[in-house]
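Position one of the sequence shown corresponds to residue 599 (our numbering), numbered consecutively onward. Ideal Cβ placement from N, Cα and C applies to all residues, glycine included.
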Amino acid sequence: MIAYLHGKIAQIDPTYVVIDCGGIGYQAKISLTTYNHIREQSSVKLHTHLQVREDAQVLYGFYSLKEKVLFEQLISISGVGGNTAIMILSSMQVDDFYQAIEAEDIQSLKRIKGIGAKTAGRILLELKDKITWEGSDGSTSGTAASIGQKKLEAVTALSNLGWSKSAMEKRVDQILKQHGPEISVADIIKFALKNP
Numbered sequence: 599m600i601a602y603l604h605g606k607i608a609q610i611d612p613t614y615v616v617i618d619c620g621g622i623g624y625q626a627k628i629s630l631t632t633y634n635h636i637r638e639q640s641s642v643k644l645h646t647h648l649q650v651r652e653d654a655q656v657l658y659g660f661y662s663l664k665e666k667v668l669f670e671q672l673i674s675i676s677g678v679g680g681n682t683a684i685m686i687l688s689s690m691q692v693d694d695f696y697q698a699i700e701a702e703d704i705q706s707l708k709r710i711k712g713i714g715a716k717t718a719g720r721i722l723l724e725l726k727d728k729i730t731w732e733g734s735d736g737s738t739s740g741t742a743a744s745i746g747q748k749k750l751e752a753v754t755a756l757s758n759l760g761w762s763k764s765a766m767e768k769r770v771d772q773i774l775k776q777h778g779p780e781i782s783v784a785d786i787i788k789f790a791l792k793n794p
């Protein structure tokens, strides 16, 4: 897996970038948000996600880890592929997207090109529980992005240790609900290993 690319920008377009890393050019699809952050730079570090399909291998690049986390949450939803996720990231800032999910603002999602009512509803339904944590008083604590990032790091570490990714996603969700968003990634992993 390629975690990130760090090198000189050889070519850039609003939809992709080619980064020269040690004499090898890596092409990555990017969102307009990432494009706007890196277009004036000569050297850049992009977080990446490699999607392997039957007919192609596609590398996606992200200026921020928050953007990568949201991308990976989006493509985990049935019917949302990499191109649709990039379209969403190009249309909304990450924090605005999380706020729309928390507010159950389906209209904001339907305004995005390629997102109909059915897909918008599925996104709301599947991401609502993944990106928020509610305290006993019903107030939302912690940012959705930091919770998503902790979950991603913990699940990745646990699956690298040989545990089933889907089982660990459920277990990490349980741990986050029990202990709250302040729990560290190391503690999440410890709790998951004690009781997988």
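Where ILE617 falls: helix, strand or coil (DSSP): strand
field: Short Cβ contact (9 Å threshold) for LEU663 with ILE699
entry: no
- request: Report whether the distance from the Cβ of ASP727 to the nearest heavy atom of the ligand GDP is below 8 Å.
  value: Among the ligands in the structure shown, none appear at all, so the ligand GDP cannot be discussed.
message: I'd like the span of the beta strand (DSSP E) that includes GLN605, first residue to last.
response: Before going further, note that residue 605 is Gly rather than Gln in the sequence given. Unbroken beta strand (DSSP E) run through GLY605: 602-611.
- request: Quick one: measure Cβ to Cβ for GLY623 and ALA608, integer angstroms, because I've assumed they're closer than 8 Å.
  value: 5 Å
message: Among LEU791, SER629 and ARG720, whose alpha-carbon lies nearest the alpha-carbon of MET690?
response: SER629
- request: Compare the Cα-Cα distances from ASN758 to each of GLU780, ILE787, ILE773 and LYS775 and report the closest residue.
  value: ILE787
message: I'd like the list of long-range same chain contacts for THR682, defined as Cβ closer than 7 Å, with 5 residues on each side in sequence excluded.
response: GLY712
message: Please return the same chain residues whose Cβ sits closer than 6 Å to the Cβ of GLY620, not counting the five positions on each side in sequence.
response: none
- request: For GLY659, write down the residues that DSSP places opposite it in a beta bridge.
  value: THR646
query: Excluding five sequence neighbours on each side, which residues of the same chain lie with their C-beta closer than 6 Å to the C-beta of PHE635?
result: Checking the displayed sequence, the identity of residue 635 turns out to be His instead of Phe. Cβ neighbours of HIS635 beyond the five flanking positions: TYR661.
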